[in-house]
Amino acid sequence: MDYVLRTNALSKSYKDFKALNSLSMNIPKGAIYGFVGKNGAGKTTLIRLICGLQEPGSGDYTLYERKSTHKDIVKSRRRMGAVVETPSIYLDMTAEDNLKQQYRILGLPSFDGLTDILKLVGLENTGKKTSKNFSLGMRQRLGIAIALVGDPDFLVLDEPANGLDPQGIIEIRELILKLNREQQITVLISSHILDELFRLATHYGFIDGGTIVKEISAEELEAALRKCVRMEVTNTKALARILDELNIDYKILTDTLADVYAKVNVSHLAATLAKEGCEVISMQERDESLESYYVNLIGGGCHV
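Below you can see the structure in the form of structure tokens.
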């Protein structure tokens, strides 16, 4: 398998805080790699290191077959585009002028391809409107457009859907899929919106305490997700008591909803619940969510 990025025992500390702890990850060429972890787990630190914004304390990484310690690593970084934390845009400039500024920063000889990039991100008709008057979703797409200047093969996106409304999230999702499928751009995307990431990623890396605790493909993840029965009842406290007695794994979602991780005898369970004054309203088979998988993997609350 060809890899765009491979990291080897990367570590980074800030005074007494170890942001990365011997982190090793592998991003295959052509992947949409979902980077999942709590706030403070090390996601942004890793992104800043591979973008050359910071240096690791120890360890190294290989980007397009060139080690980070190599004197020509900058040539590999030229194949990257990135939006780290917030889009770097000039609020008093139009979308077109923002892109022209990036062309100048990169020292490109002409503005060839600029119109194509604006069209690709859906900003071709913004005219003289300055980016300070853009919606948050438009600014995020402009940030991605700027990252696409120079025709990168590898796009790094740090929380691209953060703060967006549902329509904005859909637009960013469709754009990422388009870039990956039509432009063959490999994407590293960190996100705390796990259900949205589940719609995008072909591979996942789960980080906790500055270390990758698991890497898994979307196919492997789908096979690993537990099946469950989503039950709606009149009293989940009664349901919990019965399931505890039966030694069945479950998760209470609300006062009336619970996920049960086992095949159950519906008639027997309903009759037992009826004796407790609890009525079964509905039952539906479901797959375990990415969030539940993540919580079970690392333990504790899911604040990603």
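Numbering of the sequence shown is given in the working numbering, commencing with residue 3 and proceeding in unit increments.
Ideal placement from N, C-alpha and C gives every residue a C-beta, glycine not left out.
The distance from the Cβ of E126 to that of T117 is about 7 Å, consistent with a contact at the 8 Å cut-off. With fewer than three CB-CB distances shorter than 8 Å, the segment 197–217 does not count as touching the segment 243–257. Look at N23 here: in three-state DSSP terms it is strand. Proximity to F208 across K253, G36, F136 and G32 peaks at G36, based on C-alpha coordinates.
For T258, there is no enclosing alpha helix (DSSP H), as DSSP marks it with neither H nor E.
Assignment of E176 by DSSP, reduced to helix, strand and coil, places it in the helix class. For the pair Q104 and M285, the Cα-to-Cα distance works out to about 54 Å. When the five nearest sequence neighbours on each side are left out, the beta carbons in the same chain lying within less than 6 Å of the beta carbon of N237 are those of C280, in order along the chain. Counting C-beta atoms within 10 angstroms of its own C-beta, R141 has 16 or more neighbours from the protein chains shown and is therefore classed as buried. Along the segment 193–264, the beta strand (DSSP E) occurs as fully enclosed runs of 3 or more residues at 205–210, 213–219, 229–235, 252–254 and 259–262, listed in sequence order. Residue R175 holds the alpha-carbon nearest to the alpha-carbon of G139 among R175, V151 and D153. Taken in chain order, the unbroken stretches of alpha helix (DSSP H) that lie wholly in the segment 117–155 and span 4 residues or more are 138–150.
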